[in-house]
Structures are given as C-alpha cells and as structure tokens.
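Below is one structure; the comments refer to it alone.
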Amino acid sequence: MSRLGANGYGEKPVVLVCAFPASGHTNGLVQVSEYLVKNGFPVYFVIGTDWKASAEKLGIICIENPWRPASETMSERENIPIGHDRITFDLKHVFADSTPVVFPIFAAALTRVCDEHPTRKVVIIQETMCQAVLPYTVGIPLPPGYAELPPVINWSTTNNVSADYSVPPFGPGLPYDPTAKNKARWKRIHDAMIASAPVLADHYNAIFAPLGATRRLTEWMWDTLMDFGAVTVFPTSPQAEYPRSGSAAKRYKCIGGLPIKPLAADFVFPDWWPQITANAALPEGERKKVALVSQGTIMRNYEDLVVPTIRALADRDDVILVVTLGAKGAELDPELLGIPLPANTIVVDYLSYDVVLPYADVFVLNAGFNGFVHGFMNGVPMLLAGIEADKAEVCMRAEYAGVAVNLRTTTASEEQIVAGFNELLTNKKYKERAVALQKQSNELDALGTVARIVLQLADGTYRA
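First residue of the sequence shown: 306, per the numbering used here; consecutive thereafter.
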C-alpha cells in the first residue's frame with residue numbers, strides 16, 4: 306500500500322526524527338521526541354551514538370548514527386580564518402560529508418517504519434543540518450512503500466540564515482537597521498555570497514551522484530537547507546528574529562523557546578550548591594549577584610571568555626561566579642588563569658545551564674544559539690562574546706531583542722566584561738526584556754505547536 310495513500314484509522318502518525326550528531330543539534334529534538342512519545346506518537350530517531358542510550362530511556366525508538374567528523378578534519382578547520390571561509394568549510398566537511406553514512410541509515414529507518422506501521426501515516430522532523438533527507442530532493446529513489454516523501458518539518462538549530470534582501474546577510478553580524486542605504490548594502494553582500502553557490506552545490510552534487518541523484522543542486526545552499534520541507538520552525542521567540550519580507554517568509558515559524566526541563570529525579574546537586582540556595586534565601590538587598598559563565602560544549606578555548614571573566618570579577622565580593630567548562634572531566638589550567646582561583650568563583654566541569662540559571666542575575670556566554678535560548682527562557686539577561694559560525698548573528702539578534710550586551714568579539718577583555726556586567730546589573734531593561742521573551746515563549750507552547758503541526762501535516766490540513 307502506498308504510504309501517503311494509507312488510512313491512519315484515527316491513529317496518530319509515526320514521527321521519524323533525525324538530527325546531526327552534536328549536542329546543539331540533537332538535544333532539543335530529544336526533548337520534542339519525549340513530549341511526542343508522552344502524547345501517544347510512536348517516535349523513531351536516527352540519533353548519534355552519544356545520545357542513544359539516554360533517549361531510549363524516554364521511550365524513543367533509536368536508530369544509531371555513528372558518524373563523527375575525523376580528527377584530521379577538525380584540525381584542518383582550526384587553520385581556516387573565522388568567517389565565510391570557515392562557515393563554508395563546516396558546511397562541506399562537517400555537515401555534507403556525513404551524508405554517505407547517515408543517508409542509508411535513514412533510508413533503512415523509513416523502511417522499518419513502513420514495515421512496522423503499514424497503515425499509519427508518517428511525518429519527518431529533520432534537524433536542518435542533518436543530511437539524511439535532502440538526497441531525496443535530487444531524485445534518489447524512495448524505499449518501497451512510499452509513493453512520495455512524507456511531509457517534513459525542518460527544525461532549525463540556529464537563526465534564519467536564508468538569503469533575504471530585507472535583512473542583513475548571514476555571517477558578518479551586521480545590525481538590523483533597514484534604511485534604504487543599509488538594504489542596498491545588504492543586497493550587495495547577499496549577491497556576493499550567493500555568487501559562490503556553485504562551490505557548495507558542486508560539493509553536495511559530488512556526494513549525491515553515487516547515491517543515485519538524477520538532478521543537480523544549483524541553488525544557494527543555505528536557501529536549500531532553510532527552505533526544505535513543508536515548514537521550517539525555529540525554537541526561539543519571534544521577538545528574537547528579524548521581520549522578513551521575502552517570498553519564503555510565510556514558511557518560517559518561530560514557535561518560542563523550548564520549555565525548561567525539570568531536573569531528573571536522581572540528579573545530585575554539587576557539594577557547593579548550598580551557597581546558591583542560602584544566598585537566594587536572603588532578603589533582596591543582602592543577596593550577592595549570581596553569574597553563570599560558559600563557552601558551551603564545542604568552542605572551549607577558556608582564554609576567550611572564561612578566564613577573562615574570572616579575572617574581571619575576581620575582586621567582587623558582591624558576586625558568586627559559577628563557571629561550567631562544558632565537558633565532563635574538564636579542568637581549568639591554573640596557569641591559564643594566572644591568579645589563584647578567587648574566593649567568589651566556583652568551577653565545575655559540566656553542569657546543565659538550567660541548574661544555575663533560575664538563580665542567576667547574569668549569563669555570560671559565547672553566543673551559542675541554544676545557550677541564548679536557555680538564557681531568555683530563564684528570564685536572565687546575557688553578556689555575549691562570539692563571532693564564529695552563527696554566533697555573530699545570535700549576538701545581533703539578542704541585542705535586537707534587548708536581552709543582552711553584545712561585546713562584538715570572541716576574545717573579550719576584562720574591561721569589556723566589567724563594563725557589560727555592570728550595564729546588565731544597573732539597567733533593568735535587559736531583565737525586563739528577557740522576562741518578556743520568556744513569557745511570550747511559554748504562551749506560544751513550542752512543544753504543543755510541534756505536535757499540532759505533525760497532526761496537521763498528517764491529515765493534510767496544515768497551512769503556513
């Protein structure tokens with residue numbers, strides 16, 4: 306029986322999820338999948354090795370994707386200048402090059418879903434940078450049982466990076482100021498970037514051809530990736546994205562940040578935790594300010610932000626600074642710090658942001674998209690320092706939304722950190738805006754929205 310011709314008989318559709326195997330690309334969709342499972346959807350997930358065991362405990366049916374970028378690739382990456390060239394390298398050699406591994410795994414998952422649920426409709430949720438589904442758009446045959454590719458929700462783990470002359474081009478971190486002069490400049494930069502489209506498209510085409518592709522990609526790859534599927538959803542506040550007027554604007558949907566997950570029942574608080582709770586119990590005028598600093602889980606050169614933040618706030622007896630190093634077992638080299646660890650500073654190898662953020666007054670981070678969303682979902686104003694990959698664009702949108710001080714650098718100075726930190730503490734507008742985005746996101750109900758879109762796509766009633 307043809308897959309899209311099958312009658313669901315009132316059953317909820319099967320959801321097949323796939324995500325690029327990295328924390329920022331996978332974690333959000335694990336949360337979405339858990340919600341769908343709890344609400345009666347069978348969920349299959351083509352998932353990285355590191356997440357498989359924990360996801361299976363949530364009732365998600367996991368299909369392992371063992372792919373990892375080669376260490377030689379990542380070493381080569383470090384020698385490429387930050388900016389357009391490194392972004393292009395990432396798209397080619399970190400993301401596109403995963404296709405030969407993940408595509409056959411995903412194809413087998415489609416077959417398995419058809420075999421195990423022959424009467425149910427299927428909806429795919431694809432994380433934008435996962436390369437599992439895109440090959441089907443260039444003529445590669447679908448598995449038996451599928452007359453058409455099931456409807457796809459494109460799940461973005463960054464801001465909208467498609468080309469649109471009404472907004473700044475992706476990459477350089479230009480402010481949103483839509484004057485006629487700026488729009489003309491944006492168009493020139495957009496056009497210059499799009500002129501390099503064949504370089505990326507040819508790389509993808511060389512990968513797709515051995516898989517059976519019957520047509521070639523020619524479009525700007527960021528547009529191809531962003532405009533794929535029935536709808537592209539962004540788990541962020543609409544107030545943290547620029548308004549667009551391009552032809553594809555209606556197919557983009559900001560659904561609000563994902564809700565803060567409760568801590569696991571068996572979570573063990575660190576031995577220093579009473580410092581945080583005791584401080585929170587004090588009258589407001591007596592409390593110390595709590596700051597969390599992190600460089601995320603990938604770009605962990607602690608000299609960029611962690612070290613200067615510790616040094617900048619070392620003499621502040623009105624501050625408790627919690628530093629998370631972003632990896633289990635990680636340590637901060639005392640020689641990097643250059644001073645004894647200050648009395649006001651706590652360093653931990655790895656800790657979920659959402660443990661500390663409910664108690665935090667300031668979040669200092671290098672502008673990872675997911676960290677940014679965690680910040681405003683906890684109603685915490687942010688001090689941002691990041692320009693690599695999508696970080697400059699995250700910084701600019703945080704500044705646009707009014708929730709952050711943007712230092713416009715990756716390597717922040719102590720003086721910049723002190724000035725930004727004081728601005729966040731003394732100017733209440735940042736806190737007010739963070740709470741406003743938190744409130745809007747909670748009202749939008751990101752998880753419920755995804756579930757509704759899944760049902761609407763399955764029964765053919767979804768409208769952009």
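All C-beta atoms in this analysis are idealised placements derived from N, C-alpha and C, irrespective of residue type, glycine included. Every value quoted in this text rests on a predicted model; they were computed, and no experiment measured them.
Pull up the distance between the alpha-carbon of residue i and that of residue j, whole angstroms please.
{"i": "Q761", "j": "K566", "result": "26 Å"}
{"i": "R713", "j": "F513", "result": "38 Å"}
{"i": "I392", "j": "A694", "result": "6 Å"}
{"i": "I758", "j": "P647", "result": "50 Å"}
{"i": "R271", "j": "K426", "result": "Examination of residue 271 is not possible in this model, given that the chain is present from 306 through 769 alone."}
{"i": "L505", "j": "L479", "result": "23 Å"}
{"i": "F574", "j": "H508", "result": "47 Å"}
{"i": "V708", "j": "K734", "result": "8 Å"}
{"i": "R768", "j": "K558", "result": "12 Å"}
{"i": "F539", "j": "T424", "result": "31 Å"}
{"i": "R621", "j": "M498", "result": "45 Å"}
{"i": "P456", "j": "A535", "result": "6 Å"}
{"i": "L568", "j": "L454", "result": "37 Å"}
{"i": "M604", "j": "A375", "result": "17 Å"}
{"i": "E546", "j": "K357", "result": "32 Å"}
{"i": "C700", "j": "P564", "result": "21 Å"}
{"i": "H385", "j": "T766", "result": "According to the sequence displayed, residue 385 carries Ile and not His. Answer to the nearest angstrom: the Cα atoms are 46 Å apart."}
{"i": "G476", "j": "F674", "result": "14 Å"}
{"i": "P548", "j": "E640", "result": "46 Å"}
{"i": "A703", "j": "N711", "result": "8 Å"}
{"i": "S599", "j": "Q580", "result": "19 Å"}
{"i": "P663", "j": "S403", "result": "37 Å"}
{"i": "L742", "j": "F346", "result": "29 Å"}
{"i": "L752", "j": "W460", "result": "12 Å"}
{"i": "N332", "j": "A360", "result": "10 Å"}
{"i": "S501", "j": "L637", "result": "41 Å"}
{"i": "M306", "j": "H422", "result": "Any reading at M306 must be qualified, since the residue scores a pLDDT of 31, below 50, and its modelled position is unreliable; no value is offered."}
{"i": "A324", "j": "D623", "result": "42 Å"}
In terms of alpha-carbon separation, which member of the options lies closest to residue i?
{"i": "V342", "options": "V351, V320, W356", "result": "V320"}
{"i": "A327", "options": "Q745, A485, P371", "result": "P371"}
{"i": "N344", "options": "I560, T766, T754, D764", "result": "T754"}
{"i": "S657", "options": "A632, F681, H422", "result": "A632"}
{"i": "M526", "options": "R738, L563, A412, M434", "result": "M434"}
{"i": "D609", "options": "G329, P543, G691", "result": "G691"}
{"i": "G561", "options": "K317, N747, H330, A324", "result": "N747"}
{"i": "F572", "options": "A553, L522, D659", "result": "D659"}
{"i": "T529", "options": "Y481, P503, L752", "result": "P503"}
{"i": "N671", "options": "Y664, D638, L630", "result": "L630"}
{"i": "D395", "options": "S380, E589, N606", "result": "S380"}
{"i": "P405", "options": "H389, V418, C419, V438", "result": "V438"}
{"i": "H398", "options": "F408, D420, I410, R373", "result": "R373"}
{"i": "N606", "options": "E383, T462, N487, G680", "result": "E383"}
{"i": "V407", "options": "V624, T462, R738, I368", "result": "I368"}
{"i": "N732", "options": "T716, D750, L688, L749", "result": "L688"}
For residue i, which residues from the same chain have a beta carbon less than 6 Å from its beta carbon, with the 5 sequence-adjacent residues on both sides left out?
{"i": "L626", "result": "A596, L618, N649, T650"}
{"i": "M445", "result": "Before going further, note that residue 445 is Ile rather than Met in the sequence given. Result list for I445: L516, G517, A518, in chain order."}
{"i": "V322", "result": "L334, S338, F350, I430"}
{"i": "A697", "result": "G478"}
{"i": "A635", "result": "D654"}
{"i": "A311", "result": "Low local confidence applies: a pLDDT of 37 at A311 is under 50, so the model's placement there is unreliable, with the coordinate-based value given in what follows. T424."}
{"i": "P448", "result": "A412, L415, T416"}
{"i": "Q721", "result": "L712"}
In the DSSP output, which residue or residues are listed as bridge partners for residue i?
{"i": "T537", "result": "N459, Y557"}
{"i": "T650", "result": "L626"}
{"i": "E737", "result": "Its beta-bridge partners do not exist; DSSP assigns none."}
{"i": "L688", "result": "V669, V710"}
{"i": "I429", "result": "L321, V457"}
{"i": "C367", "result": "F350"}
{"i": "S599", "result": "T629, L670"}
{"i": "K594", "result": "V624"}
The alpha helix (DSSP H) with residue i in it runs from where to where?
{"i": "G353", "result": "Where G353 is concerned, there is no enclosing alpha helix (DSSP H), although the beta strand (DSSP E) it sits in stretches over 348–353."}
{"i": "M701", "result": "696–706"}
{"i": "I512", "result": "502–513"}
{"i": "N675", "result": "674–682"}
{"i": "E728", "result": "719–731"}
{"i": "N584", "result": "578–585"}
{"i": "S376", "result": "376–383"}
{"i": "S328", "result": "328–343"}
Skipping 5 residues on each side, what residues in its chain have a beta carbon closer than 7 Å to that of residue i?
{"i": "V348", "result": "V320, V322, S338, L341, V342, I365, I366"}
{"i": "H495", "result": "A468, Y470, P474"}
{"i": "L522", "result": "V443, A506, Y509, N510, T529"}
{"i": "Y314", "result": "Only weak support is given to the placement of Y314: the predicted model assigns it a pLDDT of 38, under 50, and the value that follows is read from those uncertain coordinates. Counting only Cβ-Cβ distances below 7 Å, and skipping sequence neighbours, we find T424."}
{"i": "P686", "result": "V667, V708, A709, L729, Y735, K736, A739"}
Within the same chain, show all residues whose beta-carbon is closer than 8 Å to that of residue i, passing over the 5 residues directly before and after it, in chain order.
{"i": "R616", "result": "L642, G643, I644, E719"}
{"i": "L730", "result": "K594, D666, V667"}
{"i": "V723", "result": "A617, L618"}
Using a Cβ-Cβ distance under 7 Å, would residue i count as near chain D?
{"i": "P386", "result": "Of the protein chains in this structure there is only one, and it is not chain D."}
So does residue i have its beta carbon nearer than 6 Å to some heavy atom of the ligand SAM?
{"i": "P645", "result": "This structure lacks the ligand SAM; in fact it carries no ligand of any kind."}
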